[in-house]
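K.L.:
Chains as they are written, first to last, in full-length UniProt numbering: chain B, 1 to 343; chain E, 1 to 343.
Backbone N, C-alpha and C define an ideal beta-carbon position, used for all residues, glycine too.
These numbers were taken from a predicted model, which means no experiment stands behind them.
2 protein chains.
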Amino acid sequence: MATIGDVARIAGVSRSTASYALSGKRAISADVRRRVEDAVSSLGYTPNAGARALATTRTMVIGLLAQFLPDEFAPAMLQYMLGVSDTAREHGYDILLATDADGTRALRRMTDSRMVDGVVLLNVAEHDERLPILRSASQPGALVGLPADCTGVDVFDLDFEEAGRLMVDHLHRLGHREVLLVSQPEHVVERGGAYVWRLQNAALEAARARGMRLYATYGSSSQPDVGRDLRGLLDAHPDATGLLVNNEAAAAALPTVLHERGLSAPQDLSVVGRYSDEFARTFSLPFTSVESAPDRLGRMAVRQLVRRIEGEVGPDEPHVVRFVSPELVDRGSTGAPPRRGDA
Amino acid sequence: MATIGDVARIAGVSRSTASYALSGKRAISADVRRRVEDAVSSLGYTPNAGARALATTRTMVIGLLAQFLPDEFAPAMLQYMLGVSDTAREHGYDILLATDADGTRALRRMTDSRMVDGVVLLNVAEHDERLPILRSASQPGALVGLPADCTGVDVFDLDFEEAGRLMVDHLHRLGHREVLLVSQPEHVVERGGAYVWRLQNAALEAARARGMRLYATYGSSSQPDVGRDLRGLLDAHPDATGLLVNNEAAAAALPTVLHERGLSAPQDLSVVGRYSDEFARTFSLPFTSVESAPDRLGRMAVRQLVRRIEGEVGPDEPHVVRFVSPELVDRGSTGAPPRRGDA
DNA sequence: CTGAAAGCGCTTACAG
DNA sequence: CTGAAAGCGCTTACAG
Chain B
1 MATIGDVARI
11 AGVSRSTASY
21 ALSGKRAISA
31 DVRRRVEDAV
41 SSLGYTPNAG
51 ARALATTRTM
61 VIGLLAQFLP
71 DEFAPAMLQY
81 MLGVSDTARE
91 HGYDILLATD
101 ADGTRALRRM
111 TDSRMVDGVV
121 LLNVAEHDER
131 LPILRSASQP
141 GALVGLPADC
151 TGVDVFDLDF
161 EEAGRLMVDH
171 LHRLGHREVL
181 LVSQPEHVVE
191 RGGAYVWRLQ
201 NAALEAARAR
211 GMRLYATYGS
221 SSQPDVGRDL
231 RGLLDAHPDA
241 TGLLVNNEAA
251 AAALPTVLHE
261 RGLSAPQDLS
271 VVGRYSDEFA
281 RTFSLPFTSV
291 ESAPDRLGRM
301 AVRQLVRRIE
311 GEVGPDEPHV
321 VRFVSPELVD
331 RGSTGAPPRR
341 GDA
Chain E
1 MATIGDVARI
11 AGVSRSTASY
21 ALSGKRAISA
31 DVRRRVEDAV
41 SSLGYTPNAG
51 ARALATTRTM
61 VIGLLAQFLP
71 DEFAPAMLQY
81 MLGVSDTARE
91 HGYDILLATD
101 ADGTRALRRM
111 TDSRMVDGVV
121 LLNVAEHDER
131 LPILRSASQP
141 GALVGLPADC
151 TGVDVFDLDF
161 EEAGRLMVDH
171 LHRLGHREVL
181 LVSQPEHVVE
191 RGGAYVWRLQ
201 NAALEAARAR
211 GMRLYATYGS
221 SSQPDVGRDL
231 RGLLDAHPDA
241 TGLLVNNEAA
251 AAALPTVLHE
261 RGLSAPQDLS
271 VVGRYSDEFA
281 RTFSLPFTSV
291 ESAPDRLGRM
301 AVRQLVRRIE
311 GEVGPDEPHV
321 VRFVSPELVD
331 RGSTGAPPRR
341 GDA
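Given below as structure tokens:
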């Protein structure tokens with residue numbers, strides 16, 4: 001493989017001149033530049049990334065820590081990953097992906113061995129074990145997901161409280177007074193998935209303020225359990241006219257469950273989910289939903305991370321905590337509640 | 001950040017001795033080993049990956065080229081990715097992930113700059129533009145997906161021909177004589193997604209051999225188009241009693257479409273898909289399917305790649321092309337065809 | 001505008 | 001069993 005030394009020799013210049021001709025970091029005569037460029041293309045020269053990283057202390061790589069936890073819905077993670085990956089590339093960075101069950105080890109490995117210039121953590125828990133490690137690392141980090149303590153990191157998340165209110169308000173405005181909410185599995189909450197109760201608490205609060213009944217429950221993360229959960233919920237609350245679904249697996253299972261019972265949305269039941277438009281189209285989910293904007297969150301996290309890496313924002317400059325406002329995407333699965341006695 | 005020089009100084013030995021004590025590549029006195037280990041832990045020393053790569057010409061990183069093409073179903077890719085990532089980690093490798101639309105650029109970047117020791121290509125097309133680049137790279141490569149020309153690479157894929165036969169045979173054995181097949185979008189085939197017609201041709205052949213009618217068609221990769229495709233197909237063939245689905249998006253949309261028409265599987269229609277068990281559970285797909293084994297394929301590709309990287313198999317040793325045999329997972333969506341006139 | 005030299009942090013023959 | 005030195009392939013002050 002050709003090195004910068006080969007390029008220099010062919011071009012008849014010193015290695016430093018060859019290097020500068022390529023980086024453009026100092027003035028170079030047109031003649032020399034031409035000769036260096038010719039040498040580069042005739043040799044098919046590409047700089048050795050490891051050597052460059054060693055010399056510059058910059059790897060041009062961003063670590064991406066995606067956790068696929070047992071009780072969570074894996075495909076939802078993909079959209080965050082793609083948002084991060086695509087944005088990183090636009091900024092000239094590659095992605096080192098860690099899917100280790102043990103995110104702390106992966107994070108430590110990446111940062112301690114200086115494989116990355118910075119790190120994006122996905123699916124951050126309220127008391128995320130990765131955070132102390134990230135704070136003691138010398139690279140900056142950006143999170144998607146809101147932890148209890150945000151010091152030293154930039155944080156991006158959907159405004160789940162607003163999402164909860166939005167879902168409740170929407171059904172309230174249509175006349176619903178008795179509504180169900182299916183959240184992610186309780187395990188997720190126990191493990192620190194704060195977004196679950198952030199949405200749930202805000203929804204309960206909004207329902208209370210509006211004089212609505214809201215039954216909040218948890219659903220499993222895969223079949224057949226989540227189908228059973230949905231059936232049990234509908235059985236237990238025959239008078240409910242609305243269903244809020246903050247659980248991707250439940251949203252995916254719902255069409256089948258409704259079918260079994262001969263129910264249709266919105267005629268028999270109004271349904272509002274919380275997932276991305278991409279997700280809805282991919283999985284043929286016909287429900288009105290609150291957009292969770294995973295690509296946008298991934299994109300925001302990378303942008304801020306790159307700003308930190310490249311020193312556009314000083315190391316002591318305050319870290320940000322930014323929430324994306326949820327938006328309701330109407331897919332026609334909500335309407336006025338059915339009149340009593342119609343069934 | 002501590003360097004090996006710091007470790008050596010604290011331990012009172014030379015840098016080479018410190019290095020050997022850590023690598024174990026030559027005999028070290030117990031005393032020295034202890035002192036080096038103490039120094040390492042007191043300093044929290046971790047080798048700089050870039051420096052090590054430069055010295056050893058080994059990065060301990062595998063490039064993963066995942067293409068998310070417009071007309072393909074993104075979430076199916078995730079399972080391959082996880083199979084690759086998890087297996088790489090078990091072998092001590094990290095993953096450099098490229099999701100660039102232009103896979104050739106990403107591949108060239110990774111290999112030319114020596115960021116990776118080897119490469120896994122996902123979703124390989126029949127005449128994949130990445131292959132010439134891979135062949136001229138100095139790193140080995142493993143593919144998931146069968147190209148027309150397999151020289152110089154190790155290849156792993158599902159036996160799609162066998163899968164097509166299996167699906168047809170299964171319905172034939174149950175008594176079906178008129179059957180539909182929905183494949184991936186025609187765009188995918190045109191772009192070189194050979195697996196589509198490998199399955200389709202084998203299915204057509206098997207149907208012919210058994211005297212069955214098989215109508216083969218293509219479906220879109222997302223909603224609402226794929227729903228429309230399915231409806232059109234069912235409208236056009238009211239006498240068909242079986243439906244084969246080699247299209248994840250169609251499989252995901254099917255429950256809703258069946259619901260709309262008041263159809264149930266297997267009472268009204270026998271359905272066989274082609275997707276992984278993981279996929280079925282995640283998306284609540286209730287259909288009997290041919291297991292596509294993405295995790296297993298990712299795992300096989302990495303294992304062979306690591307063997308090549310680590311020289312366990314000589315560079316001239318013949319490359320392998322290995323097919324995974326499909327297995328039918330019965331989820332109860334197939335049965336005898338409904339008797340004529342029952343509707 | 002250009003070159004010679006030092007240095008990034010490792011590993012590994014070479015020598016003892 | 002251990003050390004001094006060279007080298008991996010870059011970049012970047014320093015000097016002219």
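Nearest to glycine 273 of chain E by CA position, among E/Val329, E/Thr282, E/Leu258, is which residue?
P.N.:
Taking the second sequence and counting its residues from 1, one reaches residue 273 of chain E at position 273. Looking at the Cα atoms, E/Val329 is the closest of the given residues.
K.L.:
Would you call the stretch 246-253 of chain E and the stretch 309-318 of chain B touching, i.e. three or more CB-CB distances under 8 angstroms?
P.N.:
As far as the Cβ criterion goes, the stretch 246-253 of chain E does not touch the stretch 309-318 of chain B, which means the pair count is below three.
K.L.:
Below 8 angstroms between beta carbons is the criterion; list the residues of the stretch 239-267 of chain E that meet it against any residue of chain B, in chain order.
P.N.:
From the stretch 239-267 of chain E, only Ala249, Ala252, Ala253, Pro255, Thr256, Leu258, His259 have a Cβ closer than 8 angstroms to chain B.
K.L.:
What's the call for arginine 261 of chain B, buried or exposed, on a 16-neighbour Cβ count within 10 Å?
P.N.:
Taking the first residue of the first sequence as position 1, residue 261 of chain B is located at position 261. Arginine 261 of chain B should be labelled exposed.
K.L.:
Would you verify that the beta carbon of proline 75 of chain B is, or is not, closer than 8 angstroms to some beta carbon of chain E?
P.N.:
Against the first sequence, residue 75 of chain B aligns to sequence position 75. Closer than 8 angstroms to some Cβ of chain E, the Cβ of proline 75 of chain B qualifies, so yes.
K.L.:
Chain E beta carbons: is any one of them nearer than 8 angstroms to that of aspartate 277 of chain B?
P.N.:
As a working note, residue 277 of chain B is residue 277 in the first sequence. No, no contact with chain E.
K.L.:
Closest by CA to glutamate 205 of chain E, which one among E/Arg165, E/Pro132, E/Ala265?
P.N.:
Numbered from 1 along the second sequence, position 205 holds the residue referred to as residue 205 of chain E. Ranking E/Arg165, E/Pro132, E/Ala265 by Cα distance to glutamate 205 of chain E puts E/Arg165 first.
K.L.:
Using a Cβ cut-off of 9 angstroms, pull out every chain B residue sitting near threonine 99 of chain E, in sequence order please.
P.N.:
Counting from 1 along the second sequence, the entry for residue 99 of chain E is found at position 99. Neighbours of threonine 99 of chain E on chain B, chain order: Met81, Leu82, Ser85, Asp86, Arg89, Ile95.
K.L.:
What residues from the UniProt domain "HTH lacI-type" (2-56) of chain B come within 7 angstroms of chain E, judged by C-beta to C-beta, listed N to C?
P.N.:
So the list reads Thr46, Pro47, Asn48, Ala49, Gly50, Ala51, Ala53, Leu54, given in the order they occur along the chain.
K.L.:
Looking only at its chain, what residues have a beta carbon closer than 6 angstroms to the beta carbon of glycine 219 of chain E, apart from the 5 residues adjacent to it on each side?
P.N.:
Against the second sequence, residue 219 of chain E aligns to sequence position 219. Around glycine 219 of chain E: Val182, Val226, Asp229, Asn247, Ala250.
K.L.:
Counting contacts by CB-CB distance shorter than 8 angstroms, is threonine 288 of chain E in contact with chain B?
P.N.:
To locate residue 288 of chain E, count along the second sequence from 1; it is residue 288. No, because no Cβ of chain B sits closer than 8 angstroms to the Cβ of threonine 288 of chain E.
K.L.:
In this structure, how does DSSP classify serine 270 of chain B when only helix, strand and coil are distinguished?
P.N.:
Position 270 of the first sequence, counted from the start, is the residue given in the question as residue 270 of chain B. In the structure shown, serine 270 of chain B sits in a strand (DSSP, three-state: E or B).
K.L.:
Mind listing the chain E neighbours of aspartate 71 of chain B? Cutoff is C-beta to C-beta under 7 angstroms, in chain order.
P.N.:
Locating residue 71 of chain B in the first sequence gives position 71, counting from the first residue. Here the premise fails: no neighbours, minimum Cβ distance about 12 angstroms.
K.L.:
Would you give the residue range spanned by the beta strand (DSSP E) that leucine 143 of chain B belongs to?
P.N.:
Translated into positions along the first sequence, residue 143 of chain B becomes position 143. Leucine 143 of chain B -> beta strand (DSSP E) spans 141-144.
K.L.:
Which residues bound the beta strand (DSSP E) around valine 182 of chain E?
P.N.:
Counting from one through the second sequence, the residue named residue 182 of chain E turns up at place 182. Run containing valine 182 of chain E: 178-183, per the beta strand (DSSP E) assignment.
K.L.:
Can you list, in chain order, the residues of its chain with a C-beta nearer than 6 angstroms to that of aspartate 342 of chain E? Leave out the 5 residues immediately preceding and following it.
P.N.:
Residue numbering aside, residue 342 of chain E sits at position 342 when the second sequence is read from its first letter. Residue placement at aspartate 342 of chain E is flagged as unreliable, the pLDDT there being 49, under the threshold of 50; a coordinate-derived value is accordingly withheld.
K.L.:
Once you ignore the five residues that flank arginine 231 of chain B on each side, which residues in its own chain have a CB closer than 7 angstroms to its CB?
P.N.:
Translated into positions along the first sequence, residue 231 of chain B becomes position 231. So the qualifying residues of the chain are Val257.
K.L.:
So, helix, strand or coil for asparagine 114 of chain B, using DSSP?
P.N.:
Position 114 of the first sequence, counted from the first residue, corresponds to residue 114 of chain B. Rather than asparagine, the amino acid found at residue 114 of chain B in this sequence is arginine. Three-state result, arginine 114 of chain B: coil.
K.L.:
Identify every run of the beta strand (DSSP E) within the stretch 273-303 of chain B, keeping only runs that are complete inside it and at least 3 residues long; order them along the chain.
P.N.:
The qualifying runs are 288-290.
K.L.:
Pairing CB atoms from the stretch 62-78 of chain E with CB atoms from the stretch 109-125 of chain B, are three or more of them under 8 angstroms?
P.N.:
As far as the Cβ criterion goes, the stretch 62-78 of chain E does not touch the stretch 109-125 of chain B, which means the pair count is below three.
K.L.:
Check whether the Cβ atoms of glutamate 178 of chain E and alanine 240 of chain E sit closer than 8 angstroms, and answer yes or no.
P.N.:
As a working mapping, residue 178 of chain E is identified with position 178 in the second sequence. As a working mapping, residue 240 of chain E is identified with position 240 in the second sequence. Yes. Within cutoff.
K.L.:
Please compile the residues from chain E whose C-beta is within a distance smaller than 8 angstroms of the C-beta of methionine 300 of chain B.
P.N.:
Looking up residue 300 of chain B in the first sequence gives position 300. The contacting residues do not exist; methionine 300 of chain B stays about 18 angstroms from chain E at best.
K.L.:
Note down the Cα distance separating serine 16 of chain B from aspartate 31 of chain B, rounded to an integer number of angstroms.
P.N.:
As a first step, residue 16 of chain B must be located in the first sequence, where it is residue number 16. As a first step, residue 31 of chain B must be located in the first sequence, where it is residue number 31. Approximately 16 angstroms between the Cα atoms of the pair.
K.L.:
Taking just the CA atoms, how far does methionine 300 of chain E sit from glycine 118 of chain E?
P.N.:
Residue 118 of chain E sits at position 118 when you count from the first residue of the second sequence. Residue 300 of chain E sits at position 300 when you count from the first residue of the second sequence. Each residue's alpha carbon lies about 14 angstroms from the other.
K.L.:
So with CB distances below 8 angstroms, who are the chain B contacts of aspartate 274 of chain E?
P.N.:
Numbered from 1 along the second sequence, position 274 holds the residue referred to as residue 274 of chain E. Aspartate is not the amino acid found at residue 274 of chain E; the sequence shown has arginine there. Per Cβ cutoff of 8 angstroms: no residues; arginine 274 of chain E is ~17 angstroms from chain B at best.
K.L.:
Is the CB of alanine 343 of chain E under 8 angstroms away from at least one CB in chain B?
P.N.:
The sequence position of residue 343 of chain E within the second sequence is 343, counting from 1. Residue confidence for alanine 343 of chain E is low, a pLDDT of 44 falling below 50, so the modelled location carries little weight and cannot support an answer.
K.L.:
Residue range of the alpha helix (DSSP H) that aspartate 38 of chain E falls in?
P.N.:
Looking up residue 38 of chain E in the second sequence gives position 38. That run of the alpha helix (DSSP H) goes 30-43.
K.L.:
Could you please give the first and the last residue of the uninterrupted beta strand (DSSP E) stretch that includes tyrosine 93 of chain B?
P.N.:
Here residue 93 of chain B corresponds to residue number 93 of the first sequence, with the count starting at 1. Element bounds for tyrosine 93 of chain B: n/a, residue is neither H nor E.
K.L.:
Whole-angstrom Cβ separation of valine 120 of chain B and valine 84 of chain B, contact assumed at under 8 angstroms?
P.N.:
For the purposes of this step, residue 120 of chain B is identified with residue 120 of the first sequence, where counting begins at 1. For the purposes of this step, residue 84 of chain B is identified with residue 84 of the first sequence, where counting begins at 1. Their Cβ separation, rounded to whole angstroms, is 5 angstroms, which keeps valine 120 of chain B and valine 84 of chain B in contact under 8 angstroms.
K.L.:
How many Å lie between glycine 332 of chain E and glutamate 327 of chain B at the Cα?
P.N.:
Taking the second sequence and counting its residues from 1, the one referred to as residue 332 of chain E is at position 332. Taking the first sequence and counting its residues from 1, the one referred to as residue 327 of chain B is at position 327. The alpha-carbon atoms of glycine 332 of chain E and glutamate 327 of chain B are separated by roughly 39 angstroms.
K.L.:
Applying the 10 Å Cβ sphere with the 16-neighbour rule, what's the burial state of arginine 26 of chain B?
P.N.:
Reading the first sequence from its first residue, position 26 is the one you call residue 26 of chain B. Its Cβ having fewer than 16 others within 10 Å, arginine 26 of chain B is exposed.
K.L.:
At a Cβ cut of 9 angstroms, what residues of the stretch 220-232 of chain E count as close to chain B, listed as they run along the chain?
P.N.:
For the stretch 220-232 of chain E, which is checked against every Cβ of chain B, the residues closer than 9 angstroms are Ser221, Ser222, Gln223, Pro224, Val226, Gly227.
K.L.:
If we call anything under 8 angstroms between Cβ atoms a contact, is leucine 69 of chain E one with arginine 191 of chain E?
P.N.:
Residue mapping note: residue 69 of chain E aligns to position 69 of the second sequence, counting from 1. Residue mapping note: residue 191 of chain E aligns to position 191 of the second sequence, counting from 1. Result yes, Cβ atoms of leucine 69 of chain E and arginine 191 of chain E sit closer than 8 angstroms.
K.L.:
Closest to proline 338 of chain B by CA distance: which of B/Val306, B/Ile309, B/Leu305, B/Ser270 is it?
P.N.:
Here the question's residue 338 of chain B lines up with position 338 in the first sequence. When each option's Cα is compared against that of proline 338 of chain B, the closest is B/Ser270.
K.L.:
Which of helix, strand or coil does DSSP assign to phenylalanine 323 of chain E?
P.N.:
Here residue 323 of chain E is taken as the residue at index 323 of the second sequence, counted from 1. Phenylalanine 323 of chain E: strand per DSSP, three-state reduction.
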